[in-house]
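> Input: one structure, supplied below.
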Amino acid sequence: MAISKKWKVTVIAAIVSLLFATSIYAAAGWYQVNTNSGSPVNLRTGPGTGFGIVVAVPSGQDVYVDCYKNGQTVTGKYGTSNIWNLAYYNGYWGYISDTYVNTGSDGPVVPRC
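With positions in the sequence shown counted from 1, the corresponding number in our numbering is that position plus 411.
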């Protein structure tokens, strides 16, 4: 039984779509926090500097980034952005501005929370 050309094209399109959909974001993972001054960066209870401080992350340390939310626009070592990553550090979860996390991208690298 021969497979029709239309069926082959449909299967290839489905595979390409699946591959593209899974590569929009990198997987959650560990990323380094950096500042120009060497000062620590605060993990916060929400996506902005007006939210409470959970813990301070020293510059040069790694945080586990799980997802992101849009919030207050902040300028940091890696530019200006309103992306806040939900991150884990030393037993604590909180939001950290993407402008201090070396993700290698100006946009989100993980799914929205």
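By construction, the Cβ of each residue, glycine as well, lies at the ideal position given by its N, Cα and C atoms.
Just the C-alpha distance for Tyr499 and Ser448, rounded to the nearest angstrom, thanks.
Taking the sequence shown and counting its residues from 1, the one referred to as residue 499 is at position 88. Taking the sequence shown and counting its residues from 1, the one referred to as residue 448 is at position 37. If I take the Cα positions, the gap works out to 22 Å.
> Let me check one thing: in DSSP terms, what residues is Gly505 bridge-paired to?
The count along the sequence shown starts at 1 and reaches residue 505 at position 94. Gly505 pairs with Ala498.
> What does the Cβ neighbour count give for Asp388, buried or exposed, with the cut at 16 atoms within 10 Å?
Outside the shown range of the chain, which is 412 to 524, sits residue 388, and nothing can be said about it.
> Between Ala467 and the rest of its own chain, which residues show a CB-CB distance below 8 Å, the 5 nearest in sequence each way excluded?
Mapped onto the sequence shown, residue 467 falls at position 56. Taken in chain order, the residues that qualify are Pro451, Val452, Asn453, Leu454.
> Nearest to Gln575 by alpha carbon, out of Asn501, Trp504, Gly461?
No statement about residue 575 is possible, as the shown extent of the chain runs from 412 to 524 and does not include it.
> Work out the CA separation of Asn445 and Gln472 for me, nearest whole Å.
The residue labelled residue 472 in the question sits at position 61 within the sequence shown. The residue labelled residue 445 in the question sits at position 34 within the sequence shown. About 8 Å.
> Could you check the C-alpha separation between Val521 and Ile464 for me, to the nearest Å?
Position 110 of the sequence shown, counted from the start, is the residue given in the question as residue 521. Position 53 of the sequence shown, counted from the start, is the residue given in the question as residue 464. Roughly 23 Å separates the two Cα atoms.
> Could you give the distance in angstroms between the alpha-carbon of Gly502 and the alpha-carbon of Thr491?
On the sequence shown, residue 502 is found 91 positions in, with the first residue counted as 1. On the sequence shown, residue 491 is found 80 positions in, with the first residue counted as 1. Cα to Cα, the separation comes out at about 28 Å.
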